[in-house]
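In the working numbering, the protein residues as written are -12 to 578.
In what follows, a structure is listed as structure tokens, so that the remarks can point back to it.
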């Protein structure tokens, strides 16, 4: 019996020794052998332990920001802030002096720190002078500095775009950065708009943080020192200086909201520089689903049926090719098929080119288009290109390390024909000549066309970004103006186009009569395009446009307003007129 008990004790002892050996072995592995590569996941136990004991406050995420043409922030800005660390609670520190500088009570500071588990940030009514006085207190855990804050209201959200975490895309886009210390596959990247176009340029090299170590109770572990950690390059992050005017952009967004425009938008170009001043697309981005939601696409960069706006191209070709004169007339009681219009209210009688353009007679331009195409099958493409209405019109070129850099990569190509065989079909030619059939153009390109005409026929690429700036505001790169290498209209043709566009507004029967009486005189062209989309009651959805420039004496802005897929709604003229009035008021505050 005793031998049996002794045997069991020996076996139990052996088991205990084996278990202790396993535990000791595991501890040796954890503490000494695999500290930097633990398990198949290669976990660095030292780093994990430090992270567990480290609390931090991000001062700057490190991603570059976007500013407007005047240097105003469009994405985030830096504001004076006071950072108070939780370990101050219960210590004897210059709390009363801080309260005096901030203009608040010591009790208020105590209440903020009482239950704080993370650093407390104060940024209200903080001036540069107050920041200096706070830092002169020279007490660990009390820091005054500029901290990054996102803007409360998004501005130019389709233009700027969005960022997001996408490990697969990050690894594909930046394979050389995956293993670098400051990057991870979860680093946010640009997925749309300028955020995507300039992603590699503004990708963060690392964030700027305040760090301190705590014990398991949240108290300071290695004293009360706070470490400041930032990337080593003092010139980063960069700023992307856009051509947008923040005030005008906000004005345009507000006007479209007031008129409850559901689908469509507005583009404004600076005629002298061909830079985008404002661009608004509706519907707005869905913050819950910005990539695939109903407002995911910038409709100002996507092609749509232009309707009569395209008659500007046909008119330019007709004048330049010398196939029309003032004496020629057209029967505008007929449609593009040459048949009598069934609605007698749409019959306009006999009109010449000028009155046909002002009243937008389809029959006239169907006939002119057929006459042009008999002479040259590529004539409409040719003049669309001359006027900046083909291909893509945004700035592109080599930028230091980037070949053929495209400022507006989401811009889609404009189309006149999709089937060359139809260039010989009279009805297809007539339909194309009035901006239907396969003609689709972006509002940006239409604005570019109007700017080209207002500028005297000189065609330029459209810029959305003017400069890349270092952190200190000095220039790293300035995007030069690019003239488009296309033929140019004769001065006579340009002068005639300018006159005809003005008559659309000024003539008693002009379709742009709603633009009369504005403080800036407007020249432009309206358009109503059939979309082929039918809704209840077999009614067809329409695209409504007005494209033009102003003031005509010294053109400054080219502007396009379009409302897409509408029935009876027609906010285009009202929005356009409202914007012209507000731009005038902004630039003439004394009147």
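We treat Cβ as the ideally placed atom computed from N, Cα and C, and that holds for glycine.
Note that the coordinates shown come from a computational prediction; the quantities given were computed from them, not determined experimentally.
Short of 6 Å from the beta carbon of residue 185, and not among the five residues preceding or following it, lie these beta carbons of its own chain, in chain order: 227. Closest option to residue 75, judged by alpha-carbon separation, among 60, 92, 91, 102: 102.
By the neighbour-count criterion, in which 16 or more other beta carbons inside 10 Å mark a residue as buried, residue 558 falls on the buried side.
Its chain contains 464 as the residues whose beta carbon lies nearer than 7 Å to that of residue 387, once the 5 sequence neighbours on both sides are disregarded; these appear in chain order. Residue 247 counts as exposed, since fewer than 16 other C-beta atoms from the protein chains shown sit within 10 angstroms of its C-beta. Between residue 61 and residue 229 a beta carbon distance of about 7 Å is seen, short of the 8 Å cut, so the two are scored as contacting. For residue 573, the enclosing alpha helix (DSSP H) begins and ends at 559 to 574.
Secondary-structure assignment with DSSP links residue 535 through a beta bridge to 511, 546.
Under DSSP, the beta-bridge partners assigned to residue 529 are 517, 553. Distance from the CA atom of residue 418 to the CA atom of residue 353, rounded to whole angstroms, is 7 Å.
In this chain, residue 159 is not harboured by any beta strand (DSSP E); it is covered by the alpha helix (DSSP H) spanning 154 to 160. DSSP, reduced to helix, strand and coil, places residue 457 outside both helices and strands of the structure shown, so it counts as coil. Under the DSSP definition of a beta bridge, residue 63 partners with 137. Residue environment analysis places residue 2 among the exposed positions, since fewer than 16 neighbouring C-beta atoms fall within 10 angstroms of its C-beta. Residue 121 sits away from residue 178, with the two beta carbons spaced by 8 Å or more. Look at residue 419 here: in three-state DSSP terms it is helix.
Here DSSP, grouped into helix, strand and coil, assigns residue 53 to strand. Here residue 574 is exposed: its Cβ has fewer than 16 other Cβ atoms, across all protein chains shown, within 10 Å. Residue 151 holds the alpha-carbon nearest to the alpha-carbon of residue 175 among 194, 151, 181, 404. When DSSP states are grouped into helix, strand and coil, residue 393 belongs to the strand group. Cβ-Cβ distances below 7 Å link residue 118 to 67, 131 in the same chain, with the five nearest sequence neighbours on each side left out; the list follows chain order.
Contact between the segment 329 to 345 and the segment 490 to 498 is present, with at least three C-beta pairs closer than 8 Å. If the five residues before and after residue 145 are omitted, its C-beta is found closer than 6 Å to the C-beta atoms of 268, 285, all from its own chain and listed in chain order. For residue 291, the three-state secondary structure derived from DSSP is strand.
Distance from the CA atom of residue 528 to the CA atom of residue 64, rounded to whole angstroms, is 42 Å. Taking a 10 Å sphere around the C-beta of residue 548, we find 16 or more other C-beta atoms and assign the residue as buried.
134 is the residue among 159, 236, 134 whose C-alpha sits nearest the C-alpha of residue 194.
Residue 253 and residue 466 have their alpha carbons spaced roughly 24 Å apart.
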